[in-house]
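These protein sequences, in sequence, are chains A and B. Just so it is clear: in the first sequence, position 455 is 455 by this note's numbering, and no numbers are missing. Converting from the second sequence to this note's numbering requires adding 475 to each position, the first position being numbered 1. Note that CB positions come from ideal geometry on N, CA and C, so glycine has one too. Since the structure is predicted, the reported quantities are computational estimates derived from the model, not experimental observations.
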Amino acid sequence: MEQRIEVFPVTRVEGHGKITIHLNESGKVEKTFFHVTQIRGFEKFCEGRVFWEMPVMTQRACGICPVSHHLASAKATDKILGVEIPPTAKKLRELMHMGQLVQSHSLHFFHLASPDLLLGMDADPKIRNIVGVIEKHPDLAVRGVKLRKYGQEVIKTLSGKRIHPRFAIPGGVNKGLSIEERDMLLRDIDWVIDSLRDTVKLIKNLAENWGERFRRFASFPSFYMGLVDENGNLDLYHGKIRLCDHRGRIIDEFSEDNYLEKIGEWVEPWSYMKFPFYKELGYPEGSYRVGPLARLNCCDDISTPLAKEELTAFRQMIGDKVAEGSLFYHYARMIEALHAAERLKELLEDPDITGTELRAVSREFKPEGIGVLEAPRGTLIHHYKVNENGEIVKANLIVATVHNNHAMNKAVELIAKEYIKGPEIKEGFLNMLEVAIRCYDPCLSCATHALGKMPLQVIIYDAEGNKVNELVRNH
Amino acid sequence: MRKDDGIGLWLGSRLRLKFKQKVRVYLLHQLVPEIVEELKEADHIIFIDASSSNEEWSLRRLSLGEEEFQPPLNCDFHTFYPEELAYLLKRLYGKKPEIWILSVKGENFSFGAGLSLNARRLAKEAENLLEGLIRVKLKDA
Chain A
1 MEQRIEVFPV TRVEGHGKIT IHLNESGKVE KTFFHVTQIR GFEKFCEGRV FWEMPVMTQR
61 ACGICPVSHH LASAKATDKI LGVEIPPTAK KLRELMHMGQ LVQSHSLHFF HLASPDLLLG
121 MDADPKIRNI VGVIEKHPDL AVRGVKLRKY GQEVIKTLSG KRIHPRFAIP GGVNKGLSIE
181 ERDMLLRDID WVIDSLRDTV KLIKNLAENW GERFRRFASF PSFYMGLVDE NGNLDLYHGK
241 IRLCDHRGRI IDEFSEDNYL EKIGEWVEPW SYMKFPFYKE LGYPEGSYRV GPLARLNCCD
301 DISTPLAKEE LTAFRQMIGD KVAEGSLFYH YARMIEALHA AERLKELLED PDITGTELRA
361 VSREFKPEGI GVLEAPRGTL IHHYKVNENG EIVKANLIVA TVHNNHAMNK AVELIAKEYI
421 KGPEIKEGFL NMLEVAIRCY DPCLSCATHA LGKMPLQVII YDAEGNKVNE LVRNH
Chain B
476 MRKDDGIGLW LGSRLRLKFK QKVRVYLLHQ LVPEIVEELK EADHIIFIDA SSSNEEWSLR
536 RLSLGEEEFQ PPLNCDFHTF YPEELAYLLK RLYGKKPEIW ILSVKGENFS FGAGLSLNAR
596 RLAKEAENLL EGLIRVKLKD A
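Here you go:
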């Protein structure tokens with residue numbers, strides 16, 4: 001008798017998702033699916049709009065990482081203009097991006113992930129939430145609030161708004177940074193760096209204390225993708241796209257302009273989210289992971305001193321260049337946040353940052369443009385084709401969560417196989433499923449849309465489609 | 476962008492002009508948790524927002540009694556409520572400011588700028604009430 005289990009919606013992720021698990025006649029897991037159940041249509045309704053609207057329009061895909069869409073879009077429109085933007089504009093954009101990284105990574109760690117890590121994956125869901133963290137570790141909760149505030153302050157200083165900024169424009173940016181604003185942002189940067197360094201140490205201790213459980217949780221070999229600079233260092237804003245295998249060997253390096261030759265998108269009938277893959281290896285063999293862990297697995301090193309030190313410690317701990325366990329995403333995320341904070345300081349101390357040449361002008365435009373950067377959750381690609389009037393005739397957005405679609409499905413499969421053996425489901429199964437998906441910090445908002453509260457529902461069907469059991473958890 | 480959804484913005488802008496330095500006004504796209512870093516200094520807080528309920532407007536005081544408080548924190552950051560900020564203020568900073576919530580009914584939430592005539596009328600009524608409340612609080616301070 002085949003059974004089907006549904007987990008819907010998945011909690012503490014940005015957006016809506018559903019999990020179904022199909023069991024075979026002996027009650028063992030046959031196959032699993034992590035569905036994304038809503039369609040957005042963003043690419044379609046970009047068509048017909050003029051390209052210079054894209055940086056403002058496409059960022060509406062999300063309220064958590066609008067800056068990433070805003071900047072990737074602006075980079076694509078620079079290409080349409082065929083210009084190199086002035087150094088000050090480039091640095092100001094990167095400054096905003098680093099602010100976004102600090103706020104987004106802090107949000108994820110302190111608000112979404114810390115309940116699992118600090119209170120334990122097996123803790124009662126009634127207390128395994130941000131309220132539980134606040135009650136037990138109020139000092140950490142304050143740190144999370146302050147870090148997010150700082151990141152948002154960087155964004156607001158540059159654009160006047162914390163969410164959905166209007167700052168980057170085709171060819172540059174529309175506002176400079178005054179000396180007073182720079183000094184205001186510099187005032188707290190050392191506290192931000194120190195706090196993030198302490199947070200890296202916190203998660204390092206957790207990883208060491210959890211030992212094999214941390215290391216082996218939803219662990220599987222895969223390819224990894226991320227941007228690196230000309231020296232092979234982690235680069236979150238620009239660089240070449242590097243693909244590595246599970247041993248850290250470089251499989252390919254390419255410019256964003258060639259992404260269509262390298263990356264394909266597989267479509268499954270059961271999800272609105274596509275499945276990107278490395279074309280040379282095909283699907284699913286060429287599936288890869290993106291995001292903080294993938295980026296650390298891909299890069300040779302990190303340019304800023306404290307994050308570099310932490311990357312070395314991270315690699316010493318795992319005894320390898322590449323970590324495969326999904327929980328290491330949380331560790332990598334905090335090392336990246338530390339790097340972003342250090343980079344913020346470097347940029348703020350750069351004399352160019354208060355420069356006044358903000359925009360490159362062009363009187364003609366090219367038929368297409370591709371922009372790529374590393375969003376908090378992974379590689380983000382914006383690709384536009386325009387007609388002679390500058391109107392979008394085709395838009396293609398590959399967002400970070402989409403790249404990780406296969407990985408999240410794989411993580412769900414591993415957890416299901418571990419916890420479902422026979423007709424009974426082991427205690428803690430739902431917790432583990434949630435924890436596994438949350439490692440990837442999926443922003444289903446970018447592929448779908450998020451709204452409202454998220455109860456957890458599990459429905460078990462028999463082979464004839466009759467409901468035989470139902471579990472509901474209201475968070 | 477959503478017409479009457481801007482009632483809070485409209486009222487906040489007018490209060491900012493009227494009270495200048497005496498009252499700090501934050502005009503936000505949405506409530507966010509880090510705003511508690513600003514609110515922790517406040518003795519009195521008034522949240523103003525548009526409402527889609529049938530009540531024309533309502534002003535209610537948020538009770539923060541220890542015994543009745545159930546933290547309603549969300550699973551995501553797309554929706555954040557005054558009650559949650561009150562909880563954070565209390566737990567993270569030990570602050571229990573007096574909190575009021577003003578809701579004003581909007582009737583047109585479609586795309587566009589500016590308030591509908593009815594929403595503007597209701598917002599003005601609410602503004603008079605708010606002014607009175609703020610003046611009393613300033614006098615008490």
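Identity of the residue in the options nearest residue i by Cα
i	options	result
residue 46 of chain A	A:401, A:372, A:326 and A:390	A:390
residue 414 of chain A	A:437, A:398 and A:340	A:437
residue 442 of chain A	A:369, A:108 and A:321	A:108
residue 366 of chain A	A:377, A:126 and A:386	A:386
residue 57 of chain A	A:416, A:164 and A:393	A:164
residue 613 of chain B	B:520, B:504, B:477 and B:503	B:520
residue 185 of chain A	A:342, A:326 and A:396	A:342
residue 155 of chain A	A:401, A:314 and A:102	A:102
residue 411 of chain A	A:289, A:296 and A:320	A:289
residue 339 of chain A	A:26, A:203 and A:193	A:193
residue 574 of chain B	B:589, B:522, B:533 and B:582	B:522
residue 237 of chain A	A:429, A:139, A:73 and A:435	A:73
residue 354 of chain A	A:50, A:242, A:171 and A:86	A:86
residue 228 of chain A	A:374, A:305 and A:332	A:374
Min CB distance residue i to chain B below 9 Å
i	result
residue 19 of chain A	no
residue 340 of chain A	no
residue 148 of chain A	yes
residue 48 of chain A	no
residue 161 of chain A	yes
residue 152 of chain A	yes
residue 138 of chain A	yes
residue 353 of chain A	no
residue 131 of chain A	yes
residue 53 of chain A	no
residue 63 of chain A	yes
residue 181 of chain A	no
residue 135 of chain A	yes
residue 246 of chain A	no
residue 330 of chain A	no
residue 69 of chain A	no
residue 145 of chain A	yes
residue 111 of chain A	yes
Spatial neighbours of residue i in its chain, beta-carbon cut-off 8 Å, leaving aside the 5 residues before and after
i	result
residue 564 of chain B	511, 514, 515, 570, 571 and 572
Within-9 Å CB hit, residue i to chain A
i	result
residue 550 of chain B	In this prediction, residue 550 of chain B has a pLDDT of 48, which is less than 50 and means its spatial position is unreliable; nothing more can be read from the coordinates.
residue 566 of chain B	yes
residue 508 of chain B	yes
residue 484 of chain B	no
residue 477 of chain B	no
residue 500 of chain B	no
residue 563 of chain B	yes
residue 503 of chain B	yes
residue 599 of chain B	no
residue 511 of chain B	yes
Alpha-carbon spacing of residue i relative to residue j, whole angstroms
i	j	result
residue 567 of chain B	residue 99 of chain A	24 Å
residue 294 of chain A	residue 111 of chain A	22 Å
residue 408 of chain A	residue 177 of chain A	40 Å
residue 94 of chain A	residue 298 of chain A	21 Å
residue 357 of chain A	residue 167 of chain A	14 Å
residue 359 of chain A	residue 66 of chain A	22 Å
residue 146 of chain A	residue 509 of chain B	7 Å
residue 209 of chain A	residue 28 of chain A	32 Å
residue 347 of chain A	residue 91 of chain A	7 Å
residue 97 of chain A	residue 600 of chain B	43 Å
residue 189 of chain A	residue 593 of chain B	47 Å
residue 316 of chain A	residue 247 of chain A	15 Å
residue 481 of chain B	residue 559 of chain B	22 Å
residue 478 of chain B	residue 63 of chain A	20 Å
Own chain, CB closer than 6 Å to residue i, minus 5 neighbours either side, in chain order
i	result
residue 405 of chain A	273 and 275
residue 76 of chain A	369, 370, 371, 382 and 384
residue 69 of chain A	58, 59 and 61
residue 119 of chain A	128 and 132
Neighbourhood of residue i by C-beta, 7 Å cutoff - its chain only, sequence neighbours within 5 removed
i	result
residue 542 of chain B	Caution applies to residue 542 of chain B, whose pLDDT of 44 falls short of 50 and renders its modelled position unreliable; the model cannot decide the point.
residue 48 of chain A	391 and 392
residue 489 of chain B	602
heavy atom of the ligand ATP below 8 Å from residue i C-beta
i	result
residue 265 of chain A	As presented, the structure is devoid of all ligands, the ligand ATP included, so that no description of it is given.
Are the region 76-88 of chain A and the region 127-147 of chain A touching by the rule of at least three beta carbon pairs closer than 8 Å? no
Inspect the CB distances between the region 325-334 of chain A and the region 301-309 of chain A and report whether three or more fall short of 8 Å. no
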